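Trainee: In full-length UniProt numbering, the protein residues as written are 1 to 276.
The structure is reproduced here in structure tokens:
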């Protein structure tokens with residue numbers, strides 16, 4: 001059984017403090033010290049508040065001296081992401097099935113986001129060139145799905161969907177100030193709607209009145225399993241890199257997507273048709 005540690009992010013950050021020890025002004029300035037100081041500041045006050053000036057002050061150094069080691073703030077953020085990604089590197093997966101590997105990935109990413117909430121924003125802003133830790137993480141995730149024999153782009157979509165679920169769930173937990181971080185977000189909605197007249201919304205009323213399910217792994221892992229079920233089902237039915245169409249559910253007729261419609265029109269014109 002895989003246990004997910006869904007706690008107050010402050011507690012998680014304190015427990016991993018040994019990974020990124022507090023930085024002081026002693027010793028010569030280095031890229032490693034600059035990155036560590038920037039991570040400290042981002043953990044304490046957020047990514048927007050992490051400026052080159054504040055990093056320099058933390059290190060008792062001149063602002064311009066930082067630029068001997070990092071080109072600009074964007075490069076510094078990329079180095080921060082690389083550092084944290086390396087600290088939460090995925091383990092050897094040779095003995096893991098694909099599902100367990102995906103849960104391991106989710107647990108590692110979850111822990112990193114709770115300990116370093118700014119990573120949610122930073123990971124979306126980093127542009128090439130990527131560091132070795134980030135590239136290794138991408139390769140690890142794709143390798144974990146080899147067992148399903150998915151087409152390459154289908155595997156990539158599965159990984160992106162899983163990543164989106166992890167990040168979205170972390171944002172919910174980190175942004176909900178009304179409940180404890182280890183609580184099911186559904187409990188918060190039960191509390192918010194407890195006094196609302198839901199007679200006109202019978203399904204919603206029935207849902208809110210039901211006790212929350214208690215899964216073996218908890219709400220986060222249960223939600224991930226829903227996604228993994230879909231990934232597995234798609235692999236068994238040959239789903240993957242097939243051309244998508246928008247379908248009229250009333251008539252059952254398929255309407256080509258814009259690029260398909262354009263290709264059809266060009267083919268008609270090329271064969272002497274009017275294209276109308």
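Here a beta-carbon is modelled for each residue, glycine too, at the ideal position from N, C-alpha and C. Quick caveat: nothing in here was measured; it's all calculated off a predicted structure.
Is residue 185 helix, strand or coil when you go by DSSP?
Mentor: helix
Trainee: Whole angstroms are fine: how far does the CA of residue 118 sit from the CA of residue 29?
Mentor: 24 Å
Trainee: Taking 7 Å as the limit between beta carbons, can you name the residues of its chain near residue 90, skipping five residues before and five after?
Mentor: 104, 105, 108, 137 and 140
Trainee: Report the rounded CA-to-CA distance for residue 123 versus residue 77, giving the unit in angstroms.
Mentor: Going by the C-alpha atoms only, they are around 9 Å apart.
Trainee: Going by Cα to Cα distance, which pick from 53, 233 and 223 is closest to residue 34?
Mentor: From the listed residues 53, 233 and 223, the smallest Cα separation to residue 34 is found for 53.
Trainee: Note down, in chain order, each residue of its chain lying with its Cβ closer than 8 Å to the Cβ of residue 196, except the 5 sequence neighbours on either side.
Mentor: none
Trainee: Check this for me: beta carbons of residue 228 and residue 167, under 8 Å apart or not?
Mentor: no
Trainee: Is the beta carbon of residue 95 sitting closer than 8 Å to the one on residue 148?
Mentor: The answer is no: Cβ separation not under 8 Å.
Trainee: Going by C-alpha distance, which of 126, 63, 82 and 132 is nearest residue 32?
Mentor: 82
Trainee: Output the residue ranges of the alpha helix (DSSP H) runs that lie fully inside the UniProt domain "HTH tetR-type" (28-88) and measure 4 residues or longer, sorted by chain position.
Mentor: 31-45, 52-58, 63-66 and 73-87
Trainee: From residue 12 to residue 165, what does the alpha carbon distance come to, in whole angstroms?
Mentor: The predicted model places residue 12 with a pLDDT of 46, which falls under 50 and marks its position as unreliable; any figure quoted below should be read in that light. Straight-line Cα distance between these residues: approximately 20 Å.
Trainee: Can you have a look at residue 204 and say buried or exposed, based on whether 16 or more other CB atoms are within 10 angstroms of its CB?
Mentor: exposed
Trainee: For a quick check, are the C-beta atoms of residue 199 and residue 185 less than 8 Å apart?
Mentor: no
Trainee: Along the alpha helix (DSSP H) that carries residue 113, what are the first and last residues, could you check?
Mentor: 98-115
Trainee: Can you give the beta carbon distance from residue 38 to residue 55, rounded, assuming they're within the 8 Å contact cut?
Mentor: 5 Å between Cβ atoms; contact.
Trainee: Give every residue of the same chain whose Cβ lies closer than 6 Å to the Cβ of residue 99, excluding the five residues on either side of it in the sequence, and list them in chain order.
Mentor: 228
Trainee: Could you check the C-alpha separation between residue 247 and residue 57 for me, to the nearest Å?
Mentor: Because the pLDDT at residue 247 is just 43, under 50, the model does not fix this residue reliably, and the point stays unresolved.
Trainee: Terminal residues of the continuous alpha helix (DSSP H) containing residue 161?
Mentor: 152-175
Trainee: Would you mind sorting residue 102 into buried or exposed? The rule is 16 or more other CB atoms within 10 Å of its CB.
Mentor: buried
Trainee: Taking Cβ positions, are residue 61 and residue 50 nearer each other than 8 Å?
Mentor: no
Trainee: What's the gap between the Cα of residue 113 and the Cα of residue 210?
Mentor: 31 Å
Trainee: Hey, would you say residue 155 sits closer than 8 Å to residue 142, going by beta carbons?
Mentor: yes
Trainee: Within 10 Å of its beta-carbon, does residue 159 have 16 or more other beta-carbons around it, so buried, or fewer, so exposed?
Mentor: buried
Trainee: Between residue 93 and residue 144, which are expected to be in contact by the criterion C-beta below 8 Å, what is the C-beta distance as a whole number of angstroms?
Mentor: 6 Å
Trainee: Can you tell which of 221, 48, 36 and 85 has the C-alpha that lies nearest to the C-alpha of residue 70?
Mentor: 36
Trainee: Can you tell which of 187, 66 and 116 has its C-alpha closest to the C-alpha of residue 45?
Mentor: 116
Trainee: Check this for me: beta carbons of residue 235 and residue 150, under 8 Å apart or not?
Mentor: yes
Trainee: Roughly how many angstroms separate the alpha carbons of residue 220 and residue 75, rounded to a whole number?
Mentor: 33 Å
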